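Peer 1: The sequence shown begins at 8 in the working numbering and counts up by one.
Just so it is clear, CB atoms sit at the ideal spot from N, CA and C, and this is done for glycine as well.
As the structure is a computational prediction, the values presented were derived from the model and not from experiment.
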Amino acid sequence: MASNRISSRTAGRAALACGTVAYPTVPQEFRMRANHDEHRASSVVSDQELSITRLLNAPRELVFKVWTDPRHVMQWWGPQGFHNTACELDLRPGGRFALQMTGPDGTSYPCTGYYEEIVPPERLVFVGEADDGHPCGAGLPPRARVTVTLIDYHGKTELTLHTRFESVAMQQAALAHGYREGWQGALQRL
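1. When we look at the beta-carbon of THR114 and count the other beta-carbons within 10 Å, is it buried (16 or more) or exposed?
2. Ordered along the chain, which non-local residues of its own chain (more than five positions away) have a Cβ less than 6 Å from that of THR156?
3. Hey, quick one: how far does the alpha helix (DSSP H) through GLN87 stretch, first residue to last?
4. Roughly how many whole angstroms lie between the Cα atoms of ILE125 and GLU188?
5. As an exercise, report each continuous beta strand (DSSP E) stretch of at least 3 residues that is fully enclosed by the region 124-168, in chain order.
6. Hey, would you say TRP84 sits closer than 8 Å to LEU106, going by beta carbons?
7. Between which two residues does the beta strand (DSSP E) harbouring GLN55 extend?
8. Using the Cα positions of ARG150 and TYR121, report the straight-line distance between them to the nearest angstrom.
9. I'd like to check one pair, THR119 with PHE104: are the Cβ atoms closer than 8 Å?
10. Given this structure, state the Cα-to-Cα distance separating PRO148 from ALA181, to the nearest angstrom.
11. Measure the beta-carbon distance from LEU96 to PRO77 and round it to whole angstroms, keeping in mind my assumption that it falls under 8 Å.
12. Measuring CA to CA, which of VAL153, ILE59, PHE133 and HIS79 is closest to HIS6?
13. Decide if ALA183 is buried, meaning its Cβ has at least 16 other Cβ atoms within 10 Å, or exposed.
14. Give the straight-line distance between the Cα atoms of PHE133 and LEU194, rounded to the nearest whole angstrom.
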């Protein structure tokens with residue numbers, strides 16, 4: 008049985024990169040809007056975990072593409088009022104994930120980590136690098152494991168973003184600095 012899993016053996020180096028290039032607005036066919044009235048949940052699962060779930064009005068394959076194409080990631084990643092100036096996605100286990108996010112006040116927030124697992128079009132797993140510069144890590148907290156699960160739901164996609172923080176203190180610091188609200192805003196921009 009063939010597997011959709013991307014591994015370092017089968018994928019080779021599939022690095023995608025984008026620098027400080029201005030991309031046009033994402034075309035309408037690539038935009039998704041969450042059905043907020045139908046399905047919106049955010050919960051603290053344990054002292055070290057948080058899950059956010061949305062039902063997106065788009066097929067799973069398209070949602071996966073929007074999470075794995077740097078041109079699209081730059082358009083929606085981050086809370087309202089933030090923008091991205093650089094993005095590097097090396098789509099393979101162990102491959103680098105790097106994004107440069109800038110806040111409304113001009114403060115730069117690097118988001119760096121690596122892919123632990125990629126299963127098209129079902130799941131992405133990221134691990135944040137050990138940089139304690141900001142507890143939210145611009146969406147990928149230091150040493151946290153973030154799992155994005157995409158489930159087909161009658162032609163729509165149920166997206167669950169599950170974060171396991173390194174410690175209770177790291178979770179509390181990230182939540183105090185707007186981690187949950189930042190992701191809710193980013194997911195509304197899809």
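Peer 2: According to the structure data:
1. What you label residue 114 is simply residue 107 of the sequence shown in a count that begins at 1. Looking at its Cβ environment, which holds fewer than 16 other Cβ atoms inside 10 Å, THR114 is exposed.
2. Sequence index remark: in the sequence shown, residue 156 carries index 149 (1-based). Residues of the same chain with a CB within less than 6 Å of the CB of THR156, apart from the 5 flanking positions on each side, are ARG130 and THR167 in chain order.
3. Reading the sequence shown from its first residue, position 80 is the one you call residue 87. No alpha helix (DSSP H) contains GLN87, which DSSP labels as neither H nor E.
4. The residue given as residue 125 occupies position 118 in the sequence shown. The residue given as residue 188 occupies position 181 in the sequence shown. Approximately 26 Å, taken between the alpha carbons.
5. With a minimum length of 3 residues, the continuous beta strand (DSSP E) runs that stay inside the region 124-168 are 130-135 and 152-160.
6. What you label residue 84 is simply residue 77 of the sequence shown in a count that begins at 1. What you label residue 106 is simply residue 99 of the sequence shown in a count that begins at 1. Yes, the pair counts as a contact, with Cβ atoms nearer than the cut-off.
7. For the purposes of this step, residue 55 is taken as the residue at position 48 of the sequence shown. Run containing GLN55: none; DSSP gives neither H nor E here.
8. Taking the first residue of the sequence shown as position 1, residue 150 is located at position 143. Taking the first residue of the sequence shown as position 1, residue 121 is located at position 114. Straight-line spacing of the CA atoms in ARG150 and TYR121 works out to 10 Å.
9. Against the sequence shown, residue 104 aligns to sequence position 97. Against the sequence shown, residue 119 aligns to sequence position 112. For PHE104 and THR119, yes; Cβs fall inside 8 Å.
10. Looking up residue 148 in the sequence shown gives position 141. Looking up residue 181 in the sequence shown gives position 174. Between PRO148 and ALA181, the C-alpha separation is close to 7 Å.
11. As a working note, residue 96 is residue 89 in the sequence shown. As a working note, residue 77 is residue 70 in the sequence shown. Contact flag correct, Cβ pair sits at about 5 Å.
12. The question about residue 6 has no answer here: the residues shown for the chain are numbered 8 through 197.
13. Position 176 of the sequence shown holds residue 183. The residue is exposed, with fewer than 16 neighbouring Cβ atoms inside 10 Å.
14. As a working mapping, residue 133 is identified with position 126 in the sequence shown. As a working mapping, residue 194 is identified with position 187 in the sequence shown. The straight-line gap separating the alpha-carbon atoms of PHE133 and LEU194 is approximately 17 Å.
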